[in-house]
Every structure is written in C-alpha cells, then in structure tokens.
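Note that this note's numbering numbers the sequence shown so that position 87 is 89, with each residue one more than the last.
Have a look at the structure below before the remarks.
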Amino acid sequence: MQAAVQGEERWWSISGHPISNELGNFQGFRGSGTDLTERKKSEREINQLARYDVLTGLANRLHITDLLERALKNHIGQAQPCAMMLLDLDRFKAVNDTLGHPVGDQLLQQVAARLTQIIGDRGQVGRLGGDEFQIVLPQIVHADKLAGIANAIILSIAKPFAIEGEQVRVGSSIGIAVSEGAGVPASALVRNADLALYAAKDAGRGVYRFYADAMHNQASERKAIEDALRDALAKDELRLVYQPIVDVASERISGFEALIRWQRGDQPQRSARQNSSPSRRNRISSFRSANGSSGRPAPRLPSWDRGTASPSTSRRASSPTTNCPRRS
C-alpha cells in the first residue's frame, strides 16, 4: 500500500481481519502494519544500478538493448520500424590524457545532457560504456529525418564544453542502421550500426554514415586479410626486398625503397600494390605495424654501385620496378 505522510511517499504492508460484536454487527478491523519505505527505496536503487548508467543517468547497455528489442516488436510480436544510432566521441582519449579522468567524466555527463535534449521524446539515449552512446528511435526510418537528427547531434557536440574553467572540444561520429519492419533482430541492427560507425570514422570523423550491405562485405574482406596475414607471419611468407630509386637526370641510384613481398604458397611473389586496392594496402600496412615483424633481422642494403649520387631522392624512376633479393 502506498501512502503519503506530510508530502513524503511511504509504503506500508497492512494485514488484518474484521471485528464484529456479539450481535454480529461489523465493528471494524484489527491487524498490524509494517513500514516498507526503506525496502522500496533499496529496490529502486538496485533497479537503478542494474538498468541505468551511474555516471550519466542514461540507460545502460542492458536496458538500452531491452528497449531496442521492444521497439522492434509490438506487444503481439509483430515487427515494427525502428532506427538505431551508434555514436562515438572523437578525441575523447586526448581529453582524459591531458586534463584527467574527472574532466572526462564531466564531459560525458554534459554530452549525455545534450543528447537527451536533442532526442527528447522521439527515442531513448543510452551509454554503452567509455565514450560510446546508443540511440533508439522507434517509428523513425525516413533518411532525411535521421540525417537531420544526426547533423544536429554532430553540430551540438562540436560546440565547446565549459569544464573547470577549460574550453573542452571534442567531435562525434555516428553510424545509422534502419529496420523498416522486416523483422531484423536487435543484434543484427547493432552490428550494422557499428559497421556504419566504422565507415564514418574511416571517412575522416565528424560525419555520419548509413549502413549499406557493402560495408558488411568490406568487413568480411578485412577479417579474411587479417587472418591470412597472421598465417603469413607464422609461416614466414613475408619477405623484405629493396627497390632502387633512380635520379632520372643523372641516371644514378640515389637511394632504396624497402618493400614487403608476400609469397603465398606456390603462388608467384606479388607486391601489395599488385595484389590489392589502396584501402586494402592501408589495412595491410596497419596490420603489419600493429602485429610487429617476423622477428628476423633486416637484410643489409644491396651492394649496388650508387656512384656519387646523393642519398636523398630527387626523382623516382618511371621504369618498371626492380627488386633486389634478400641478402644474408
């Protein structure tokens, strides 16, 4: 039983039984009551901790996922249209590293307030952790409307935040995925939005991107390349070779360019330039940097006669590539 005592909400548990006189006339009730207010407060606090982010007060990962699943289906299980946005702050790590985590926490709180103000009653904002936010937008699937919301968020987050006398600036990138009522599961919608967010960051940050099927194909290709490169490192299929750089004016070698060649099984030795697009070569280069070399010492420079040519490169020869084999 809920009651109010001098404007304060209180909860009571009351039990009793009716009382009658000797003639059988009802006289009232006799029983006992227990104040449950503290227990109710504890239950609310536990529910708050379980479903809401402690720092920002937004829905946490568990709660926002539940809200997304409910937005995708009505009470009788029929699929409903829904859009979802994944947002990631740009340069947030720099704020933590330079100004400290307390400032970073205040920044997250202010970002949450701005997001809540923009979304209003059109949807629900949640924090997944770190500087990642998720926005569920039931019944909104029109691209123009979603683009307008995304633009408003990006412009709002780009404005400076006043924290402890400092003007803190960050940006935001947004990935958008839409289910038009085709019964897309929540996990697939989250994956699609995550791929769109990756594309937004790859496009230079501070932008939004809608999910497209090609993004999934690119992600599969990226994983296949990374898996193959791990095998290549383990099988020692990567070879370091040198390519001469020729000064066209003097026709002398002015330096060397170190290249990686990938010998895959019985296939002919190929370069990354021959084997892939520019975006794939960037991924290969990033993978190589992140995972280190094969542990072998680099081969010595070729003992080609460079004459009196300067070590610096003046021009690169336009003739076909000449490779120098490894030397022990």
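Think of the CB as a built atom: it goes at the ideal place given N, C-alpha and C, for glycine as much as any other residue.
Predicted, not measured: the structure shown is a model, and the values here were computed from it.
Given residue i as reference, the closest of the options once Cα atoms are compared
i, options, result
"residue 243", "265, 256, 232, 224", "265"
"residue 73", "226, 124, 28", "124"
"residue 130", "42, 61, 235", "61"
"residue 259", "245, 252, 250", "245"
"residue 64", "77, 136, 236, 152", "136"
"residue 200", "38, 220, 52", "220"
"residue 39", "33, 16, 240", "16"
"residue 175", "257, 90, 252", "90"
"residue 58", "153, 227, 166, 107", "107"
"residue 55", "253, 110, 119", "110"
"residue 41", "34, 14, 139, 19", "14"
"residue 240", "34, 155, 224, 262", "262"
"residue 43", "12, 22, 52", "12"
"residue 145", "165, 213, 229", "213"
"residue 155", "165, 252, 122", "122"
Beta-bridge pairing of residue i - partner residues as DSSP gives them
i, result
"residue 81", "75"
"residue 66", "Paired residue(s): none; residue 66 is not in a bridge."
"residue 92", "173"
"residue 30", "21"
"residue 261", "243"
"residue 87", "137, 178"
"residue 61", "54, 128"
"residue 254", "249"
"residue 189", "In the DSSP output, where bridge partners are listed per residue, residue 189 has none listed."
"residue 36", "15"
Residue i vs residue j beta-carbon contact at 8 Å
i, j, result
"residue 170", "residue 97", "yes"
"residue 101", "residue 10", "no"
"residue 180", "residue 143", "yes"
"residue 197", "residue 177", "yes"
"residue 85", "residue 185", "no"
"residue 93", "residue 172", "yes"
"residue 71", "residue 190", "no"
"residue 87", "residue 195", "yes"
"residue 69", "residue 138", "yes"
"residue 83", "residue 141", "yes"
Length at least 4, wholly inside the region 115-185: the alpha helix (DSSP H) runs in chain order: Complete alpha helix (DSSP H) runs here, min 4: 145-160.
Contact the region 195-212 vs the region 113-124: 3+ CB pairs below 8 Å: no
The region 32-50 / the region 147-166 touching (three or more Cβ pairs under 8 Å): no
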